[in-house]
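These protein sequences, in sequence, are chains P, R and A. This note's numbering puts the first residue of the first sequence at 1, with every later residue one more than the last. This note's numbering puts the first residue of the second sequence at 251, with every later residue one more than the last. This note's numbering puts the first residue of the third sequence at 549, with every later residue one more than the last. All residues carry an ideal CB built from backbone N, CA and C; glycine is no exception.
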Amino acid sequence: MSELEIRGLRVTFDGFTAVDGVDLDVAPGDLRFLIGPNGAGKTTLVDAVTGLVKAEGSAKFGGAELLGRPVHRIARSGIGRTFQTATVFEELTVLQNLDIAAGAGRSMWTMLRRRKDVPEAVAQAMETVGLTDLADSPAGTLAHGQKQWLEIGMLLVQDVKLLLLDEPVAGMSHDERQATGELLQRISEERTVVVIEHDMDFMRSFARSVSVLHAGKVLSEGTVAQVQADPKVQEVYLGHVEDTAVVQEA
Amino acid sequence: MTVILGQTFTGISIGAVLLLIALGLSLTFGQMNVINMAHGEFIMAGAYTTYVLQKSISSAGISLLVALPVAFLVSGVLGALLEWLLIRRLYLRPLDTLLVTWGVSLMLQQLARDIFGAPNVQTRAPDWLTGNIEIIGGDDPLTFANSRLFILGLAVAAVVALSLTLRLTPLGRRIRAVVQNRDLAEVSGISTSTVDRTAFFLGSGLAGVAGVALTLVGPIGPTMGTNVIIDAFLVIVVGGIGQLKGTVIVAFVLGVLQSVLEYSTTVSVAKVLVLVAIVAFLQWRPQGLYTLRTRSLV
Amino acid sequence: MNVLKGRSARAWAGFAGAAVVLFAIAPLALSDFRLGLLAKYLCTAMVAVGICLAWGRGGLLTLGQGVFFGLGGYAMAMHLKIADAGPGNLPDFMQLYGTATELPWWWKPFENPLFALAATVLLPMAVAALLGLFIFRRRVKGAYFAILSQALAAALAIWLVGQQATTGGTNGLTDIQGFFGYSLDDPVNQRLVYFVIAAALLLLMAIARQLINSRYGELLVAVRDSEERVRFLGYDPANVKLVAYVVAAGMAGLAGALFVPAVGIISPALIGIVPSIEFVIGAAVGGRASLVGAVLGAVAVAWAKTALSEEFPAAWTYFQGLLFIVALAFLPGGLASLAVLVRRRRKASPAQQTAAVPLGEAA
């Protein structure tokens, strides 16, 4: 299993610095939460690691440099992500979505033939995320939470070593959050998981470690208890009480 | 030396025509992301307006000057009508808009054929536009046709007017707000549908003005729009969307490029080479010369 | 899986039915003249098969299929002109306009029938691959792609017109007499050409159907609907689109090549902006995402054009414009979407919605 190793990562948009020299290490098997106020640079950090935006510095996974490589190459090296708004292929069925996610390494010959049966990994993933009954439904007809699970299922069949999840439980009910959290804990036993989240209760229940981002920099890092006790973190969150309220509701 | 200068001047005047044609598109395609293939027929409408006015006003000079605002109105109203009837139903389907407006363009061409006949017609240029200005005298003179100068002036005036409208007037601010964030503009109390229609009126009106200018350099006919529309769209594609300066620069650069290539090869080879140059340019800047950067996924 | 088997059986029945109509009923029922017209329409339908794949499934609005149709057509016509002229002689139009005393170098390879035949398909595919590589790699898409492909059609037509001495200019390559030794004046041989075209159409439809139903076909729809998302799954969408574009180009090339013996001419007027966009309208009216819809739509529109434009040219233009507007603004799934609606209504259990006709707007 490999480690995510970020050094001096900087992202600028037309003069505005969104990520300003972030160092971050996520060990294999970790379930790391990235938290921080809006605009702290959490999503941009994930964008940089997955190749969506250009960045300076270094981001290595398993020793291989990621920056500067095209998105699909980074994805093939075992890194998968989800988006704030669940992005699935709405016209295709659940089964087709998962089958596509499972197939980046397929040969030309396999691609040009019809899918005859359900691949083992896909069946397993459907079982894991509880969508087996909906296998032949178009993804566009799924409920919001189901789409987010489908996305996670797609990461599972993609067989990535590092999962970057952007607000995976936004808009989910309490029970759904609980189920998702438990799923993430199970997944993280064999993989490295990084979760961007605004929901503090969710973070407290499931995080193994936490990094707090603020204004493009890492403000604090450690276990949930360590981070909560950090005066700098209290300053950022308690200094803006209304922010905290918004954040907790989100 | 004179040859180079001469080709540059020819290029600038081709560029001025391109700019006038593309300017309206920079509003409807560039700002609103609507691909209106009937834009060429709005140009044609402007040209025929000039033709009709000259039939009723005998003085070529006065009819030309009257034609400018009238053509603006005629094409503008056509554009607003098109927006209201069809385009507003298709804002989420840009490629379908392209094909639907192509259908409109076919019908408008046929309408022109039915009203004015299939053969091309011509207008008389006023006396003060028939001469030449001598830029370099002597044995090897370099001249610039007055009509071309008039078009250049018209293009510059139209750019200035459009950019001032976008920058300084409340309407311009509303257009920019809708372009940047449609939903936010809507909840801020801007009627996006009114803004869309007004912007379409302005962009199509500019096509009418371009049509008036085209009567000075060529014949008027039902297919005149089709002949120029692709070049105009290429200007926007290369210039980048949402930015007037890209349109201006690219119109002149393509004009000069076309003129120089035509001089060193033939007209048809020049067309192909310009297209190759555009594809090559897009390798370097796939979003065009200038672009609005956003962090959204799509 | 029963659903799949059912679909497959229906497809076989469909192919068999189409074969009976094309190979038995049409040749018996139609006069030689009408059959010749049908051959021409079927060529349009072959282009529509490619458009269905690239546009309907892949979201690539190819407004320049005329280019590939033309490349295939010219490749075929060049060989036939050389063959018509006989060994050592120049094609007739070159003797008329040209000052050249021998074939231009780029005509020479087309003397070889095998080279010419291969070129009708491979040349369009090569051009599409080259252009697609440049365009898709740099993520030029949506309307930008449509406009560039249209500009390509305009440029090729203008270039051909400009090269009067070697391409026949505006007239194109006309008055083609023979087809690999068979005289095209003979009605029997014209029927032969019709059968070749009908067989080619069925073959292309079979290829397209296989592609659409394959895993690649599913991936293509995914790319159409969310290109970026596909990238994060480890695929390069540029390659996925390239395959559809190149295959569609090859199909248009074959259509152009077979159009030449059926009609006896290829010219810039058949491949420029207007014909290129006319190829699209047939597919749009029938249903861009449905193979059968696109083919029937193409044949119907081509037939309507012949029927209307000869007697009422003005009315035809209005009608064509109206077709664009109605089909795309109000019935974006084409007539095929009506058929799907009817079929759904008839089905007793509307709960199972497996037959969603995907119809996306990838811009």
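Please confirm if residue 550 of chain R has its CB atom under 7 Å from at least one CB of chain A.
The structure shown has nothing for residue 550 of chain R, since chain R only spans 251 to 548.
When you compare the CB positions of residue 620 of chain A and residue 672 of chain A, do they come within less than 7 Å of one another, or not?
It is a contact, given that the beta carbons lie within the stated cut-off.
Using 7 Å as the threshold, is the C-beta distance between residue 832 of chain A and residue 870 of chain A below it?
No, the pair does not count as a contact, with Cβ atoms beyond the cut-off.
Mind listing, in chain order, the continuous alpha helix (DSSP H) runs of no fewer than 4 residues lying wholly within the segment 159-216 of chain P?
Listed in chain order, the complete alpha helix (DSSP H) runs (minimum 4 residues) inside the segment 159-216 of chain P are 174-187, 200-206.
Going by C-alpha distance, which of R:470, R:282, R:517 is nearest residue 422 of chain R?
Comparing Cα-Cα distances from residue 422 of chain R to each of R:470, R:282, R:517, the minimum goes to R:282.
Expressed to the nearest angstrom, what Euclidean distance is found between the alpha-carbon atoms of residue 191 of chain P and residue 138 of chain P?
Taking the straight line from one Cα to the other gives about 29 Å.
Out of curiosity, what's the CA-to-CA distance linking residue 224 of chain P and residue 212 of chain P?
For residue 224 of chain P and residue 212 of chain P, the distance between alpha carbons rounds to 10 Å.
Using a cut-off of 9 Å between C-beta atoms, extract the partners of residue 339 of chain R located in chain A.
Within 9 Å Cβ-Cβ: 877, 878.
In angstroms, rounded to a whole number, what distance separates the CA positions of residue 119 of chain P and residue 99 of chain P?
Answer to the nearest angstrom: the Cα atoms are 8 Å apart.
Roughly how far, in whole angstroms, is the beta-carbon of residue 261 of chain R from the beta-carbon of residue 392 of chain R, given that I think they are within contact range, below 8 Å?
Contact doesn't hold; Cβ gap of about 14 Å is too wide.
Skipping 5 residues on each side, what residues in its chain have a beta carbon closer than 6 Å to that of residue 552 of chain R?
Coverage of chain R is limited to positions 251 through 548, which leaves residue 552 of chain R absent and any answer about it impossible.
So residue 689 of chain A is in the beta strand (DSSP E); what residue range does that whole segment cover?
It is not in any beta strand (DSSP E) - residue 689 of chain A carries neither H nor E in the DSSP assignment.
7 Å is my cut-off, CB to CB: does residue 779 of chain A come that close to chain P?
Closer than 7 Å to some Cβ of chain P, the Cβ of residue 779 of chain A qualifies, so yes.
Would a C-beta distance cut-off of 7 Å place residue 340 of chain R and residue 347 of chain R closer than the cut-off?
Yes. Within cutoff.
Looking only at C-alpha atoms, which of R:377, R:461, R:342 sits nearest to residue 432 of chain R?
Selected option, being the one with the closest Cα: R:342.
Less than 7 Å between CB atoms is the rule here; does residue 686 of chain A satisfy it with respect to chain R?
By this cut-off, residue 686 of chain A is an interface position.
Taking 7 Å as the CB-CB limit, is residue 775 of chain A close to chain P?
Chain P contact via Cβ: absent.
Per DSSP, what kind of secondary structure is residue 622 of chain A in: helix, strand or coil?
If DSSP states are grouped into helix, strand and coil, residue 622 of chain A belongs with the helices.
Spell out whether any CB of chain P is found under 7 Å from the CB atom of residue 556 of chain A.
Not one chain P Cβ lies under 7 Å of residue 556 of chain A.
Nearest-angstrom Cα distance between residue 724 of chain A and residue 365 of chain R?
Distance between the alpha carbons of residue 724 of chain A and residue 365 of chain R: 39 Å.
Could you check which residue in R:534, R:520, R:474 has the C-alpha nearest to that of residue 371 of chain R?
Per the Cα distances, R:474.
Name the chain R residues whose beta carbon is nearer than 8 Å to that of residue 690 of chain A?
344, 345, listed in chain order.
Quick one: residues in its chain with C-beta nearer than 6 Å to the C-beta of residue 266 of chain R, no 5 flanking neighbours on either side, listed in chain order?
Result list for residue 266 of chain R: 401, 402, 405, in chain order.
Does chain R have any CB closer than 7 Å to the CB of residue 682 of chain A?
So, interface residue.
For residue 637 of chain A and residue 713 of chain A, I'd like the C-alpha separation in whole angstroms.
Going from the Cα of residue 637 of chain A to the Cα of residue 713 of chain A covers about 15 Å.
So, are the CB atoms of residue 314 of chain R and residue 376 of chain R less than 7 Å apart?
Yes, these two residues count as a Cβ contact at 7 Å.
Just verifying my parser: in three-state terms, what is the DSSP assignment at residue 33 of chain P?
Of the three classes helix, strand and coil, the one that applies to residue 33 of chain P here is strand, per DSSP.
Could you name the residues that DSSP lists as bridge partners for residue 279 of chain P?
A question about residue 279 of chain P goes unanswered here, because the residues of chain P that appear run from 1 up to 250.
Can you name, in chain order, every residue of its own chain whose Cβ lies under 6 Å from the Cβ of residue 709 of chain A, other than the five neighbours on each side?
Once the five neighbours on either side are set aside, the close Cβ partners of residue 709 of chain A are 717, 718, 816.
Can you list, in chain order, the residues of its chain with a C-beta nearer than 6 Å to that of residue 286 of chain R? Leave out the 5 residues immediately preceding and following it.
Excluding residues within five positions, the ones whose Cβ falls inside 6 Å are 278, 351.
Just to confirm the assignment, what range does the beta strand (DSSP E) spanning residue 56 of chain P have?
Unbroken beta strand (DSSP E) run through residue 56 of chain P: 56-61.
Put residue 395 of chain R into one of helix, strand or coil per three-state DSSP.
Strand, per DSSP.
Near residue 611 of chain A, which residues of its chain fall below 8 Å by C-beta distance, leaving aside the five closest residues on each side in sequence?
Here the set comprises 694, 695, 697, 698, 701, 821, 824, 825, 828.
Using a beta-carbon distance below 7 Å, is residue 544 of chain R in contact with chain A?
Legend: pLDDT at residue 544 of chain R = 46, less than 50; position of this residue unreliable, value from coordinates given subsequently. No - not a single Cβ of chain A is within 7 Å of the one on residue 544 of chain R.
Could you check what DSSP says for residue 145 of chain P in three-state terms: helix, strand or coil?
Three-state result, residue 145 of chain P: helix.
For residue 98 of chain P, name the three-state secondary structure that DSSP assigns.
Three-state DSSP puts residue 98 of chain P in a helix.
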